[in-house]
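Peer 1: This is the structure I want to talk about, given as structure tokens.
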Amino acid sequence: MRLRGNLFLMMAAFLWGTTFVAQMTGMDNLGPFTYAASRYFLGFCSLLLIWWLYRGPRRIAKQAGTYMPGWKAGMGAGCIMFVATSFQQVAMLYTTAGKTAFITCLYIILVPLFSVLLGRRIRPENWAGALLAITGLYFLSIRGELSLGFGDSLVLISAFFWTAHILFIDRFAGCVDVMELSAAQVGICTLASLLAALAFESIRWEDIQSAGFAIFYGGVMSAGVAFTLQIIGQKYAEPSHAAIIMSFEAIFGALASWLILGEVMTGMEIFGCVLMTAGMVATQMGGILRRKRMAVP
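Per the numbering used here, numbering through the sequence shown is continuous, rising by one, with the last residue being 297.
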């Protein structure tokens, strides 16, 4: 069962990673907010379908008195998610899909660092992971001087908001209906993105149709299918293993941008990706080793 869980999580990471390409190609004729609104609308519809399919367990939870609605918490998560995804989407007008994938995944290091604000202890592997990741970010995105490119800076800002989003979800996911939480947050993203598109962009139905596959992939496959795979996978995989597997989102994003978009990284940028990947793994390895020592009789 653990192997099955790991496979489900790897499939989710693959879908999330390749979605960076869909986000890039989807903006060939669409503005970032129009693409986001279209994508999240399909994702919202697919999550409502999954929510309906899970009506049996929800009915049992209501009868047992353990059901807690997730709509309100989802609205809060959706506000954070809208800011994060907006910075990320706009950034892709100025940087590559591969870089966006790697910089976004800095949340794996930022989450344990920022969790100290919630009273949690920062372990040595977290500091080691952060140092490797920051060094990797230098080689990946900083050229010649201590400043990030405009697009890379926007992605970095989005990584901080993704960190806040993960910590917010961590606060509520264990006590409310997860499917309702997810559907609500994607619904808020749909509405907020649509309002931003109406305010700042020209919306043409022909352009939306031309980006149909990118919208479908980014909405249904990423928001609907990948999220469901994550839920199923985390039932069987240990949290520390799950975090490492899901960080492969960055690897898949870089590979897809190279194979599909023809993006090429320099040797220094590849070295930066390697260091960032090492930082992601280092952040989780301490917990894995501690659990193994505790498991030994």
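In this text, a Cβ means the ideal position worked out from N, Cα and C, and glycines have one as well.
For Leu148, name the three-state secondary structure that DSSP assigns.
Peer 2: The answer is strand: DSSP assigns Leu148 an E or B state.
Peer 1: How far does the alpha helix (DSSP H) with Ala226 in it reach, from first residue to last?
Peer 2: It is not in any alpha helix (DSSP H) - Ala226 carries neither H nor E in the DSSP assignment.
Peer 1: Entirely within the region 64-128 and at least 4 residues each: give me those alpha helix (DSSP H) ranges in chain order.
Peer 2: Counting only runs of 4 or more, we get 71-91, 97-104 and 107-114.
Peer 1: So which of Leu132, Ser86, Trp51 and Lys99 has the shortest CA-CA distance to Leu255?
Peer 2: Here the closest residue by C-alpha is Lys99.
Peer 1: My guess is that Leu46 and Gly262 are in contact by the Cβ rule of under 8 Å, so how many angstroms apart are they, rounded?
Peer 2: Reading off the sequence shown, one finds Ser at residue 46, where the question assumed Leu. In fact, because the Cβ distance is near 30 Å, the residues do not count as touching under 8 Å.
Peer 1: With a threshold of 6 Å on Cβ separation, who are the neighbours of Ala192 within its own chain once the five nearest residues in sequence on each side are excluded?
Peer 2: For Ala192, where only same-chain residues beyond five positions count, the Cβ hits under 6 Å are Phe82.
Peer 1: If you reduce the DSSP assignment to three classes, tell me which class Tyr138 lands in.
Peer 2: Of the three classes helix, strand and coil, the one that applies to Tyr138 here is helix, per DSSP.
Peer 1: From Ile260 to Met27, what does the alpha carbon distance come to, in whole angstroms?
Peer 2: Near 15 Å, if we compare the C-alpha coordinates of Met27 and Ile260.
Peer 1: Is Trp51 closer than 7 Å to Ala183 when the C-beta atoms are compared?
Peer 2: Yes, the pair counts as a contact, with Cβ atoms nearer than the cut-off.
Peer 1: Using only the alpha-carbon positions, how far apart do Asp177 and Gly5 sit?
Peer 2: Spanning the two alpha carbons is a distance of roughly 21 Å.
Peer 1: Looking only at its chain, what residues have a beta carbon closer than 6 Å to the beta carbon of Met24, apart from the 5 residues adjacent to it on each side?
Peer 2: Met92 and Ala97, listed in sequence order.
Peer 1: With distance defined between alpha-carbon atoms, name the residue in Gly224, Ala164, Ser38 and Ser247 nearest to Met210.
Peer 2: It is worth fixing the name first, because residue 210 is Ser in this sequence and not Met. For Ser210, the nearest C-alpha among the options comes from Ser38.
Peer 1: Considering only the alpha carbon of each residue, which of Gly279, Ala250, Gly224 and Val264 lies closest to Leu53?
Peer 2: Ranking Gly279, Ala250, Gly224 and Val264 by Cα distance to Leu53 puts Gly224 first.
Peer 1: Just checking, does the region 59-67 make contact with the region 198-218 on the three C-beta pairs under 8 Å criterion?
Peer 2: Segments in contact, no.
Peer 1: Kindly list the residues whose CB is nearer than 6 Å to the CB of Gly30, restricted to its own chain and excluding five residues on each side of it in sequence; keep chain order.
Peer 2: Note that residue 30 is Leu in the sequence shown, not Gly. Within the same chain, Leu30 has close Cβ partners Asp207 and Ala211.
Peer 1: Using the beta-carbon count (16 or more within 10 Å), is Phe200 buried or exposed?
Peer 2: Exposed: under 16 other Cβ atoms inside 10 Å.
Peer 1: Could you check if Met246 is buried or exposed, using at least 16 other CB atoms within 10 Å of its CB as the buried criterion?
Peer 2: The residue in question, Met246, is buried, as its Cβ has 16 or more Cβ neighbours within 10 Å.
Peer 1: Determine contact between the region 270-283 and the region 123-135, defined as no fewer than three beta-carbon pairs at a distance below 8 Å.
Peer 2: Yes, the region 270-283 is in contact with the region 123-135.
Peer 1: CB-CB under 6 Å to Ile232, same chain, minus the five flanking residues each way: which ones, in chain order?
Peer 2: Excluding sequence neighbours, Ile232 sits near Phe8.
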